[in-house]
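A.B. asks: Chains A and B, in that order, give the protein sequences.
In terms of this note's numbering, the first sequence opens at residue 1059 and continues consecutively.
In terms of this note's numbering, the second sequence opens at residue -1 and continues consecutively.
One structure is given below, represented as structure tokens, and several questions about it will come after.
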Amino acid sequence: MFRRRLTALVCSVAALGLLATGCGDSDGGTPAAEKGTGKITFWSFVKGSDKVAEAFNRSHPDIEVTFEAVPSGQEYYSKLTNAVKAGTVPDVAVAEFAQLPEFATQGKLEGLNDRLGPLVEDHFPEATRELVQLGGETWGVPRDAAPLMMFYRNDFFTSHGIDVPTTWAEYRTMTGQVRKADPKARGGVLYTDNPGLLTALAQQAGSQWFDTEKDAWKVSLTDAPSRKVADYWGDLAGQDLVHSLSSLDPFWTSVQQNRTVAYVCASWCAGAQQATVADQKGKWSVAPVPTWDGKPASAMYGGSSFVIPKGAKNSAAAAEFIKWITTDPEGMKAWVSTGTSSMFPADPRLVPVTKSAFPTDYFGGQDIYAVGSESYKSIVPGWTWGPVMGTTNTAVVDRLPKVADGGTKLIDVLADAQRATVEDMERRGMKVAP
Amino acid sequence: MTQPTTRTAPAPRGPGRRPSVLLSKAGVTAMLGLAALYTLLPMLWLVLSSTKSRQDLFATNGFAPGDDFALLDNLQYLFEADNGIFLRWLLNTVLYAGVGALLATVFSVAAGYAFDKLDFPGKERIFSLVLLGVMVPGTAMAIPLYLIAAEAGLVNSFWGVFIPGLVFPFGVYLARVFSASYVPGEVLEAARVDGAGEFRTFCRIALPMVAPGFVTIFLFQFTQIWNSFFLPLVMLSDEELFPVNLGLYVWYSSALSQGHPQDYLLAIVGSLVSVVPLVVLFLMLQRFWKSGMTAGAVK
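As structure tokens, then:
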């Protein structure tokens, strides 16, 4: 049902002339049997991309991949947008889940149904598939999922007799206990420069920031679950029970200086934690992310997929490459060959590959991939990313720092972001349901 | 440099004409002091952070020295990382900014001189086109330039970044002003009477006379290209062609979120190294720069 509505939506956008691509099976397409050969270029900011390209070139003599490093963040997406405009795109590019719909609805990506067939259906669970399939077409192949987890200082919790929280009510109690045990320490962070975690927590609570209704987008950044999450975190920040920090060096400095002893993050944080604060080895553990009702529920904070931008010269070979780096055990092995990445593969069958590559003595030998797997399974399905996430995210980030000083409420930040998002969508000619 | 020096006698202060507190000597000094802090504190942070080990970088205060002095290790690491790509980036930047700005300055001075001293049809109209170019910010030009470069097949090539750096409308405007104030028409008359051609007059007579202006324009354009970010970002994909700021940004942007704190350190040390040439250049050319800035002030 949902998918049919999206088809109608994407097609109606196409009718407006905003989407250059055809819809569903109306696409004449290239024969699926065509075998890719020749040269392709590959843009990515994901660590290990160079290793993956090398490994692919070694095992696939018919295709030669040239890897080109790009910066991450909004700069990358404007670079990719302009490359599509100018017709100078790479054959394969990375796209985070949050940005994929923006590119797909603007007709900047090549549909992959014809090239890859049921690959995405065969390999990925529904909650992940939904992120790359819009309007009946597949626009990207997921590489890593980023299920939420809670990281905490085992030594600190044990020595002060603090219990690991399983619900958000208990989490609040925990932050109070942490502050009492050490006035400088806090049991969490509200990032001032990164909306991703807040979005994930809203998704976990059952919020649907974006949805489609008939032929229009529905934007609800301030629905009831979202409000609950915003009030909760706004209160924690206002009461100084959690830090309000930039997710870059101020956050890591606070971890290094023992001022952050617990935080919610995704699977990939394990590698970052281990590399950035190496001397706290053995002191950290991982737990499932707390939930509102005690039943397992999770969401994604990050995660990436690979796409073929519109205008790619060699999409047959590009599809081969994408298939290998996302669903082939050898490809997955190449991603994690340095042994420093704790990325969680979007294809659950590849978990053993990444798990065996990431030593967990930093986490006292704990099986963090087991926690990740449980979290991945319990991701609340039905999430859709919006078509102007750049605008939405900027609107949130611009106002987030004011929440910490008590200048504004977190829910008002979301309300402002809602307004900015709707305005931008209407300006771009998209239909927004009231 | 921050101490204002007033040579002229202070204006008479009648009871009705008290200058505001902000304009008093102490007020001005305080404001300049603030401005100096604003400029110098980030530099201080950069210098101190560059001397720290990765551990100290997060464990110690940003404005305090670290426990270990790791500057030399960091530098060695910087120049060895990714097969010494950083040196390559530095050389690229020197080519883009150094050679580019030099050529841009030659063109600007020649054009400004022509606008000032020569007569040709449509002169003022063309000059207003130049002024129009001054008002369009460089960043706004990046996308159109990129699309043109795509047509011309210059995307992801050295020339895609180098050629746009050769055009500097503000330099043409400055050069016209400099030419008007530094090069008296009588001197050119004399040169012509002595039989020098136009080109010879420009090269031998006018150019040496506008030398301070030349340096000013050069420094302006040099910093502009050195700092230019968006154009190389969209234009270049081959790491070997990156200017240093783009390369540093690639290191920096994915360092912490993807768990590569060593890249973060690289970006910090690399930033320090990449501002050194700018500082050296400004110190060396300061004399010219200052005289260029005040050219024509008393005329």
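The beta carbon of each residue, even a glycine, is placed where N, CA and C say it ideally should be.
May I ask you to report which of helix, strand or coil DSSP gives A:A1288?
C.D. replies: Mapped onto the first sequence, residue 1288 of chain A falls at position 230. Here A:A1288 sits in helix by DSSP.
A.B. asks: Answer yes or no: do A:L1158 and A:G1198 have a C-beta to C-beta separation smaller than 8 Å?
C.D. replies: Position 100 of the first sequence, counted from the first residue, corresponds to residue 1158 of chain A. Position 140 of the first sequence, counted from the first residue, corresponds to residue 1198 of chain A. For A:L1158 and A:G1198, yes; Cβs fall inside 8 Å.
A.B. asks: I'd like the span of the beta strand (DSSP E) that includes A:E1126, first residue to last.
C.D. replies: Reading the first sequence from its first residue, position 68 is the one you call residue 1126 of chain A. Element bounds for A:E1126: I1121 to A1127.
A.B. asks: Starting from the Cα of A:A1462, find the closest Cα among A:V1300, A:N1212 and A:D1240 and give me that residue.
C.D. replies: Numbered from 1 along the first sequence, position 404 holds the residue referred to as residue 1462 of chain A. Of the listed residues, the one whose Cα sits closest to A:A1462 is A:V1300.
A.B. asks: Cβ of A:G1246 within 8 Å of Cβ of A:T1233?
C.D. replies: Locating residue 1246 of chain A in the first sequence gives position 188, counting from the first residue. Locating residue 1233 of chain A in the first sequence gives position 175, counting from the first residue. Result yes, Cβ atoms of A:G1246 and A:T1233 sit closer than 8 Å.
A.B. asks: Check whether the segment 246 to 263 of chain B touches the segment 1136 to 1148 of chain A, taking contact to mean three or more Cβ pairs, one atom from each stretch, closer than 8 Å.
C.D. replies: At 8 Å Cβ cutoff, the stretches do not touch.
A.B. asks: Please classify A:G1075 as buried or exposed, where buried requires at least 16 other C-beta atoms within 10 Å of its C-beta.
C.D. replies: The residue labelled residue 1075 of chain A in the question sits at position 17 within the first sequence. Annotation note: pLDDT 40 at A:G1075 (below 50); position unreliable, no value reported.
A.B. asks: Roughly how many whole angstroms lie between the Cα atoms of B:G60 and A:R1317?
C.D. replies: Translated into positions along the second sequence, residue 60 of chain B becomes position 62. Translated into positions along the first sequence, residue 1317 of chain A becomes position 259. Whole-angstrom Cα-Cα distance: 16 Å.
A.B. asks: Taking B:Y75 as the reference, which of B:K50, B:V277, B:A95 and B:A194 has the closest Cα?
C.D. replies: For the purposes of this step, residue 75 of chain B is taken as residue 77 along the second sequence, with counting starting at 1. Answer by Cα proximity: B:K50.
A.B. asks: Could you give the DSSP three-state label for A:K1391: helix, strand or coil?
C.D. replies: Looking up residue 1391 of chain A in the first sequence gives position 333. A:K1391: helix per DSSP, three-state reduction.
A.B. asks: Where do the N-terminal and C-terminal ends of the beta strand (DSSP E) with A:L1303 fall, by residue?
C.D. replies: Taking the first residue of the first sequence as 1, we reach residue 1303 of chain A at position 245. That run of the beta strand (DSSP E) goes H1301 to L1303.
A.B. asks: Any heavy atom of the ligand COA within a distance shorter than 7 Å of the CB on B:S252?
C.D. replies: Ligands displayed in this structure: none; no statement on the ligand COA is therefore possible.
A.B. asks: Report the option in A:W1291, A:T1418, A:R1486 and A:A1475 whose CA atom is closest to the CA atom of A:W1267.
C.D. replies: Taking the first residue of the first sequence as position 1, residue 1267 of chain A is located at position 209. That would be A:A1475, whose Cα lies nearest to the Cα of A:W1267.
A.B. asks: For the segment 1356 to 1419 of chain A, which segments carrying the beta strand (DSSP E) assignment without a break, of at least 3 residues, lie completely within its bounds, in sequence order?
C.D. replies: With a minimum length of 3 residues, the continuous beta strand (DSSP E) runs that stay inside the segment 1356 to 1419 of chain A are 1362 to 1365.
A.B. asks: Counting only C-beta atoms, is A:D1202 closer than 8 Å to chain B at any point?
C.D. replies: Counted from its first residue, the first sequence places residue 1202 of chain A at position 144. Cβ-Cβ to chain B under 8 Å: no for A:D1202.
A.B. asks: Counting contacts by CB-CB distance shorter than 8 Å, is A:A1153 in contact with chain B?
C.D. replies: The residue you call residue 1153 of chain A lines up with position 95 of the first sequence. By this cut-off, A:A1153 is not an interface position.
A.B. asks: On the premise that A:V1438 lies in contact with A:M1207, defined as a C-beta separation below 8 Å, what is that separation, rounded to the nearest angstrom?
C.D. replies: Residue 1207 of chain A sits at position 149 when you count from the first residue of the first sequence. Residue 1438 of chain A sits at position 380 when you count from the first residue of the first sequence. In fact, because the Cβ distance is near 15 Å, the residues do not count as touching under 8 Å.
A.B. asks: Using a C-beta to C-beta distance shorter than 9 Å, which residues of chain B count as neighbours of A:S1302?
C.D. replies: Residue numbering aside, residue 1302 of chain A sits at position 244 when the first sequence is read from its first letter. The contacting residues do not exist; A:S1302 stays about 18 Å from chain B at best.
A.B. asks: Under the rule that 16 or more other beta-carbon atoms within 10 Å means buried, what is B:R52, buried or exposed?
C.D. replies: Your numbering for residue 52 of chain B matches position 54 in the second sequence. Buried.
A.B. asks: Of all the residues that make up the segment 235 to 254 of chain B, which are near chain A by a beta-carbon distance shorter than 7 Å?
C.D. replies: Listed in sequence order: S235, D236, E237, Y247, V248, S251, S252 and L254.
A.B. asks: Identify every residue that forms a DSSP beta bridge with A:I1437.
C.D. replies: In the first sequence, counting from the first residue as 1, residue 1437 of chain A sits at position 379. For A:I1437, which the question treats as bridged, DSSP gives the partners A:S1356.
A.B. asks: Which stretch, first to last residue, makes up the beta strand (DSSP E) that contains B:F113?
C.D. replies: As a first step, residue 113 of chain B must be located in the second sequence, where it is residue number 115. Looking at the DSSP string, B:F113 is not in any beta strand (DSSP E); the run it does join, the alpha helix (DSSP H), is G98 to K115.
A.B. asks: Looking at chain B, which residues of the segment 1237 to 1249 of chain A have a Cβ within less than 9 Å of any of its Cβ atoms?
C.D. replies: Those residues of the segment 1237 to 1249 of chain A that come within reach of chain B (Cβ to Cβ, closer than 9 Å) do not exist; the list is empty.
A.B. asks: Give the list of continuous beta strand (DSSP E) stretches no shorter than 3 residues that lie fully inside the segment 1204 to 1264 of chain A.
C.D. replies: You should have 1206 to 1211 and 1247 to 1249.
A.B. asks: With DSSP run on the structure shown, which of helix, strand or coil describes A:L1279?
C.D. replies: Position 221 of the first sequence holds residue 1279 of chain A. Here A:L1279 sits in coil by DSSP.
A.B. asks: Taking only beta-carbon atoms, is A:N1171 less than 8 Å away from chain B?
C.D. replies: Translated into positions along the first sequence, residue 1171 of chain A becomes position 113. No, A:N1171 lies away from the interface with chain B (no Cβ there is under 8 Å from its Cβ).
A.B. asks: Check the Cβ of B:Y144 against every Cβ in chain A and list those closer than 7 Å, keeping chain order.
C.D. replies: Position 146 of the second sequence, counted from the start, is the residue given in the question as residue 144 of chain B. Near B:Y144 (Cβ distances below 7 Å), the residues of chain A are N1140 and A1144.
A.B. asks: A:S1400 and A:W1393 - do their beta-carbons sit closer together than 8 Å?
C.D. replies: Sequence index remark: in the first sequence, residue 1393 of chain A carries index 335 (1-based). Sequence index remark: in the first sequence, residue 1400 of chain A carries index 342 (1-based). Taking 8 Å as the Cβ cut-off, A:W1393 and A:S1400 do not qualify as a contacting pair.
A.B. asks: Tell me whether B:C201 is buried or exposed, calling it buried when 16 or more other Cβ atoms sit within 10 Å of its Cβ.
C.D. replies: What you label residue 201 of chain B is simply residue 203 of the second sequence in a count that begins at 1. B:C201 comes out exposed.
A.B. asks: Within the chosen definition, does the segment 1451 to 1460 of chain A reach the segment 1356 to 1376 of chain A through at least 3 CB pairs nearer than 8 Å?
C.D. replies: Output reads no: the segment 1356 to 1376 of chain A does not touch the segment 1451 to 1460 of chain A.
A.B. asks: For A:V1409, tell me which candidate among A:I1469, A:G1352, A:P1387 and A:A1377 has the shortest Cα-Cα distance.
C.D. replies: To locate residue 1409 of chain A, count along the first sequence from 1; it is residue 351. With distances taken between Cα atoms, A:V1409 lies closest to A:P1387.
A.B. asks: Output, in sequence order along the chain, the residues in the segment 211 to 233 of chain B whose CB is closer than 7 Å to any CB in chain A.
C.D. replies: Cβ contacts with chain A come from L231 and V232.
A.B. asks: Could you pull the start and end residues of the beta strand (DSSP E) that A:G1096 belongs to?
C.D. replies: Taking the first residue of the first sequence as 1, we reach residue 1096 of chain A at position 38. A:G1096 -> beta strand (DSSP E) spans G1096 to S1102.
A.B. asks: Note down the Cα distance separating A:A1260 from A:L1177, rounded to an integer number of angstroms.
C.D. replies: Residue mapping note: residue 1260 of chain A aligns to position 202 of the first sequence, counting from 1. Residue mapping note: residue 1177 of chain A aligns to position 119 of the first sequence, counting from 1. When rounded, the distance between both Cα atoms is 30 Å.
A.B. asks: Just tell me which of B:V278, B:F125, B:L38 and B:A265 has its CA closest to the CA of B:F84.
C.D. replies: Indexing the second sequence from 1 puts residue 84 of chain B at position 86. Measuring from the Cα of B:F84, the nearest candidate turns out to be B:A265.
A.B. asks: Please report whether the beta-carbon of A:A1478 lies at a distance below 8 Å from any beta-carbon of chain B.
C.D. replies: Here residue 1478 of chain A refers to the residue found at position 420 when the first sequence is read from its first residue. Chain B, which has no Cβ nearer than 8 Å to the Cβ of A:A1478, makes this no.
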